[in-house]
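Trainee: Here it is: the structure, laid out below.
2 protein chains.
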Amino acid sequence: MSTPNNYSELQDVIRSRYGELSKRLQQVAAYVLDNTNSVAFDTVAVIAEQADVPPSTLIRFANAFGYSGFNDMKQVFRRHLMEETANYTERAKMFRDLEDQPSPEQPEEILNEFSRANVQALQQLAAQTSAEDLNKAVQILAEAENIYVIGLRRSFSVATYLTYALRHLNRRAFLIDGLGGMFQEQLELIGPKDVVVAISFSPYARETLALTETASRVGARQIAITDSQVSPLASFSDICFVVKEAQVDAFRSQSASLCLVQSLAVSLAYHDKDDKKDNSDKKAPVSGA
Amino acid sequence: MSTPNNYSELQDVIRSRYGELSKRLQQVAAYVLDNTNSVAFDTVAVIAEQADVPPSTLIRFANAFGYSGFNDMKQVFRRHLMEETANYTERAKMFRDLEDQPSPEQPEEILNEFSRANVQALQQLAAQTSAEDLNKAVQILAEAENIYVIGLRRSFSVATYLTYALRHLNRRAFLIDGLGGMFQEQLELIGPKDVVVAISFSPYARETLALTETASRVGARQIAITDSQVSPLASFSDICFVVKEAQVDAFRSQSASLCLVQSLAVSLAYHDKDDKKDNSDKKAPVSGA
DNA sequence: CCAGATATGAAATGTTTATTCCGTAAGCGG
DNA sequence: CCGCTTACGGAATAAACATTTCATATCTGG
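Protein chains in written order, with this note's numbering: chain A, 1138 to 1426; chain B, 1138 to 1426.
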């Protein structure tokens, strides 16, 4: 007997066999199809009561569709629910136990894998980033006198891009790069009307943390882009974007962070335009970055 | 002690008390904040293993935040996940419908749009990049004595990332950055056994073109990442990757290029590993030198 | 460096939860 | 209406699980 191991398959099978089920099993089928996340979360006892059948019937139902027990079937519902919110890395972890597929080795496979992972990360970024945070961040950037951007090592590329984009919007944007060993000197430029954008992922660069502390001391506002709610950057920041980057093996990507900073820059461009919109007409062309 | 009974409250409390927690409890806090749906679904034993703490610590953690047990706290996560799923599905639908809409203006819309455009670009990248080119490029990189990376202005971020990644694979990788106005001097380093990776998109930076010409003159091999088959970079290169970047209004993205260079770097890492494996298999048990 | 306090982790414990069992009831062909 | 088969449900059982316990390790202030 073929046992469906994904939600939509199972749904189809239940529907198609509905007619031939016994009265009690039909009752279960109806409940199961209509209360997906009750099945995913609740215990057999609870479900049995809500569906108005004895617990044993639930096990019989699962058996009828080829599962070894009700919990076995329950897994299908849980996975379905998780897949709607889990990111690529977490999903990969989920499936690693089930079928430990060998890591991709061919360049083409690696590109496919990376591309898939990044797609997932981008979708999650869009879904999980709050409009409120984005608006606040844009507002903060718009009001900044100077914008200092820091991101070292892996995050340096994102930092350079953001600086580039901000410069193209005629912002006074400065990249803290430690050139000539002058981290300290660069940090000391920051004043209370300035804004710091700090980008850092575990393991957090010492210099980035030092900057956020300095910025916090002088009262500058801060926007953090990092990988955890409890990142050391989070505590100092006014706005903290938590970005779950795609990961293939030990290699973490940057696409989501890049997408985020691009969106911030473009939003800032529109923000500028809206300010001017008071007297001029809407939809003035925006120069590219 | 007030016990949070919704997710965002709990999240806030955990973050604010993070500093005063013990080392182990911090470990749990980080896991709990960053793996919401693992907490919602997995058993204490599984979570304990993944967070690398003993099960009892999880109960202690829940107690520390006023819950009677870990399951008590778990309920908060489960409720959150259920609510979130509903939102997520809605947003996913919005995301799809967004496609043919007038220019977005709100930061949230811009992020959605950028994310969507990048997803498309990544999928196209994966579909259109030939395995053969990838293999050749990896081979060329593997054989390089020195690798010079150039990408200016918009492409600088991609170039910095590639340089970073190559350095981490112990390659002799150098970023041509024109620091101190020394473009010319940096170019003159290139020798016939070296490889140049040039990243440039229209309008092509003069310095990048100059480098490719120099490289070609001394007989160095070249890998180009650019936006057109007829790009000035294409003619000088041994391998030319044509990347169609996402574009929102006048703003072009970088995600696809970044994904490509990451894939190249990771492929190179696997290439190295295979080499070592072959060597060690073949290695004859010879003593002395 | 020591004593007291606190944090930690392995194993024991007690509870919840899934599953099985079996006597009974309902359906069905003769 | 009877005997046979299939479905059913409650109670018993087994498995999984969360939680507690306690001996040990680690910190902290004097």
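Cβ atoms here follow ideal geometry from the backbone N, Cα and C, with glycine treated the same way.
Per DSSP, I1376 of chain B forms a beta bridge with which residues?
Mentor: Taking the second sequence and counting its residues from 1, one reaches residue 1376 of chain B at position 239. Partner(s): B:I1360.
Trainee: Just the C-alpha distance for R1304 of chain A and L1312 of chain A, rounded to the nearest angstrom, thanks.
Mentor: As a working mapping, residue 1304 of chain A is identified with position 167 in the first sequence. As a working mapping, residue 1312 of chain A is identified with position 175 in the first sequence. Rounded to the nearest angstrom, the two C-alpha atoms are 10 Å apart.
Trainee: How many Å lie between A1347 of chain A and V1355 of chain A at the Cα?
Mentor: Translated into the one-based positions of the first sequence, residue 1347 of chain A becomes position 210. Translated into the one-based positions of the first sequence, residue 1355 of chain A becomes position 218. Near 13 Å, if we compare the C-alpha coordinates of V1355 of chain A and A1347 of chain A.
Trainee: In the DSSP assignment, find the beta strand (DSSP E) that holds A1310 of chain B and state where it starts and stops.
Mentor: Position 173 of the second sequence holds residue 1310 of chain B. It spans 1310-1313 - the beta strand (DSSP E) in which A1310 of chain B sits, taken as one unbroken run.
Trainee: Could you tell me the boundaries of the alpha helix (DSSP H) in which V1286 of chain A lies?
Mentor: Here residue 1286 of chain A refers to the residue found at position 149 when the first sequence is read from its first residue. Segment 1284-1287 is the beta strand (DSSP E) holding V1286 of chain A; no alpha helix (DSSP H) there.
Trainee: Strictly by DSSP, which residues pair up with F1388 of chain B?
Mentor: Against the second sequence, residue 1388 of chain B aligns to sequence position 251. Looking at the DSSP assignment, F1388 of chain B forms a beta bridge with B:V1385.
Trainee: Any idea if M1319 of chain B is buried or exposed, counting beta-carbon neighbours within 10 angstroms, 16 or more meaning buried?
Mentor: Taking the first residue of the second sequence as position 1, residue 1319 of chain B is located at position 182. M1319 of chain B is exposed by the Cβ-count criterion.
Trainee: DSSP three-state call for I1327 of chain B: helix, strand or coil?
Mentor: Position 190 of the second sequence, counting from 1, holds the residue named residue 1327 of chain B. Reduced to three states, the DSSP call for I1327 of chain B is coil.
Trainee: Look up A1335 of chain A in the DSSP assignment and say whether it is helix, strand or coil.
Mentor: Translated into the one-based positions of the first sequence, residue 1335 of chain A becomes position 198. DSSP places A1335 of chain A in strand when its eight states are reduced to three.
Trainee: Identify, in the order they occur along the chain, each residue of the same chain with its Cβ nearer than 6 Å to the Cβ of A1335 of chain A, setting aside the five sequence neighbours on each side.
Mentor: In the first sequence, counting from the first residue as 1, residue 1335 of chain A sits at position 198. Cβ within range, chain order: I1287, T1345, T1349, A1361, L1370.
Trainee: Residues of the region 1171-1201 of chain B with a CB closer than 9 Å to any CB of chain A: list them in chain order, please.
Mentor: Answer in chain order: D1171, N1172, T1173, N1174, S1175, A1177, F1178, Q1187.
Trainee: Excluding sequence positions up to five away, which residues of its chain have a Cβ less than 8 Å from the Cβ of S1392 of chain B?
Mentor: Numbered from its first residue, the second sequence carries residue 1392 of chain B at position 255. So the list reads N1255, A1258, L1259, E1382, A1383, once near-sequence residues are dropped.
Trainee: Please check if any C-beta of chain A sits within less than 8 Å of the C-beta of N1249 of chain B.
Mentor: Start at 1 with the first residue of the second sequence, and residue 1249 of chain B comes out as number 112. Answer yes: the Cβ-Cβ gap between N1249 of chain B and chain A drops below 8 Å somewhere.
Trainee: Check whether the region 1243-1251 of chain B and the region 1207-1223 of chain B touch, using three or more Cβ-Cβ pairs below 8 Å as the test.
Mentor: No contact exists between the region 1243-1251 of chain B and the region 1207-1223 of chain B.
Trainee: Is there a Cβ of chain A sitting closer than 8 Å to that of F1311 of chain B, yes or no?
Mentor: Position 174 of the second sequence, counted from the start, is the residue given in the question as residue 1311 of chain B. Taking Cβ atoms only, chain A never reaches closer than 8 Å to F1311 of chain B, which makes this a no.
Trainee: Can you tell me which of the three DSSP states S1145 of chain B falls into?
Mentor: Here residue 1145 of chain B refers to the residue found at position 8 of the second sequence. The answer is helix: DSSP assigns S1145 of chain B an H, G or I state.
Trainee: Just verifying my parser: in three-state terms, what is the DSSP assignment at M1319 of chain A?
Mentor: For the purposes of this step, residue 1319 of chain A is identified with residue 182 of the first sequence, where counting begins at 1. Coil, per DSSP.
Trainee: According to DSSP, is T1351 of chain A part of a helix, a strand, or is it coil?
Mentor: The sequence position of residue 1351 of chain A within the first sequence is 214, counting from 1. Helix at T1351 of chain A.
Trainee: Relative to the C-alpha of E1282 of chain B, which candidate in B:S1404, B:A1310, B:Q1261, B:T1300 has its C-alpha closest?
Mentor: Indexing the second sequence from 1 puts residue 1282 of chain B at position 145. The residue with the shortest Cα to Cα distance from E1282 of chain B is B:A1310.
Trainee: Quick check: the region 1263-1275 of chain B against the region 1319-1328 of chain B, are at least 3 beta-carbon pairs closer than 8 Å?
Mentor: Judged by Cβ distances under 8 Å, the region 1319-1328 of chain B makes no contact with the region 1263-1275 of chain B, as fewer than three pairs qualify.
Trainee: Exposed or buried, what is E1186 of chain B when buried is set at 16 or more other beta-carbons lying within 10 Å of its beta-carbon?
Mentor: As a first step, residue 1186 of chain B is located in the second sequence; it is residue number 49 there, counting from the start. Exposed is the call here.
Trainee: In the DSSP assignment, the alpha helix (DSSP H) including E1269 of chain A goes from what residue to what residue?
Mentor: If you number the first sequence from 1, residue 1269 of chain A lands on position 132. It spans 1268-1280 - the alpha helix (DSSP H) in which E1269 of chain A sits, taken as one unbroken run.
Trainee: Is there a Cβ of chain B sitting closer than 8 Å to that of A1268 of chain A, yes or no?
Mentor: For the purposes of this step, residue 1268 of chain A is taken as the residue at position 131 of the first sequence. Interface residue, yes.
Trainee: Could you work out which residues of chain A lie near R1152 of chain B, taking near to mean beta carbons separated by less than 9 Å?
Mentor: On the second sequence, residue 1152 of chain B is found 15 positions in, with the first residue counted as 1. Simply Q1366, V1367, A1371, S1372.
Trainee: Using the beta-carbon of each residue, which ones in chain A are nearer than 7 Å to V1385 of chain B?
Mentor: Counted from its first residue, the second sequence places residue 1385 of chain B at position 248. V1403, listed in chain order.
Trainee: For S1145 of chain B, count neighbouring C-beta atoms within 10 Å of its own C-beta (all shown protein chains included) and say buried if the count is 16 or more, exposed if not.
Mentor: Residue mapping note: residue 1145 of chain B aligns to position 8 of the second sequence, counting from 1. Flag for S1145 of chain B reads exposed.
Trainee: On the criterion of 16 or more Cβ atoms from any shown chain inside 10 Å, does N1172 of chain B qualify as buried, or is it exposed?
Mentor: Mapped onto the second sequence, residue 1172 of chain B falls at position 35. Looking at its Cβ environment, which holds 16 or more other Cβ atoms inside 10 Å, N1172 of chain B is buried.
Trainee: I want to see whether chain A comes within less than 8 Å of V1275 of chain B, judged by CB atoms only; does it?
Mentor: For the purposes of this step, residue 1275 of chain B is taken as the residue at position 138 of the second sequence. Closer than 8 Å: yes.
Trainee: On the three-state DSSP scale, how would you describe F1202 of chain B?
Mentor: Your numbering for residue 1202 of chain B matches position 65 in the second sequence. Correct three-state label for F1202 of chain B: coil.
Trainee: Just how far apart, CA to CA, sit A1264 of chain A and F1178 of chain B?
Mentor: On the first sequence, residue 1264 of chain A is found 127 positions in, with the first residue counted as 1. On the second sequence, residue 1178 of chain B is found 41 positions in, with the first residue counted as 1. If you take the alpha carbons of A1264 of chain A and F1178 of chain B, they lie about 21 Å apart.
Trainee: Answer yes or no: do F1388 of chain A and D1364 of chain A have a C-beta to C-beta separation smaller than 8 Å?
Mentor: Numbered from 1 along the first sequence, position 251 holds the residue referred to as residue 1388 of chain A. Numbered from 1 along the first sequence, position 227 holds the residue referred to as residue 1364 of chain A. Taking 8 Å as the Cβ cut-off, F1388 of chain A and D1364 of chain A do not qualify as a contacting pair.
Trainee: Assign L1235 of chain A to one of three DSSP states: helix, strand, or coil.
Mentor: Mapped onto the first sequence, residue 1235 of chain A falls at position 98. Confidence is the limiting factor: at L1235 of chain A the pLDDT is only 49, short of 50, which leaves the residue's position unreliable, though a coordinate-based value still follows. L1235 of chain A: helix per DSSP, three-state reduction.
Trainee: For the alpha helix (DSSP H) that contains T1140 of chain B, what are its first and last residues?
Mentor: Taking the first residue of the second sequence as 1, we reach residue 1140 of chain B at position 3. Unbroken run through T1140 of chain B: none, as it is neither H nor E.
Trainee: Verify the CB distance criterion: does V1213 of chain B have a CB-CB separation below 8 Å to chain A?
Mentor: Within the second sequence, numbered from 1, the residue matching residue 1213 of chain B stands at position 76. It does not: the Cβ of V1213 of chain B has no partner Cβ on chain A nearer than 8 Å.
Trainee: Closest Cβ-Cβ distance between T1297 of chain B and chain A: below 8 Å?
Mentor: The residue given as residue 1297 of chain B occupies position 160 in the second sequence. Judged by the 8 Å Cβ criterion, T1297 of chain B is in contact with chain A.
Trainee: With 8 Å as the C-beta to C-beta threshold (strictly closer), list the residues of the region 1387-1402 of chain B near chain A in chain order.
Mentor: Hits within the stretch, in order: A1387, F1388, R1389, S1390, Q1391, S1392, L1395, C1396, L1397, Q1399, S1400, L1401, A1402.
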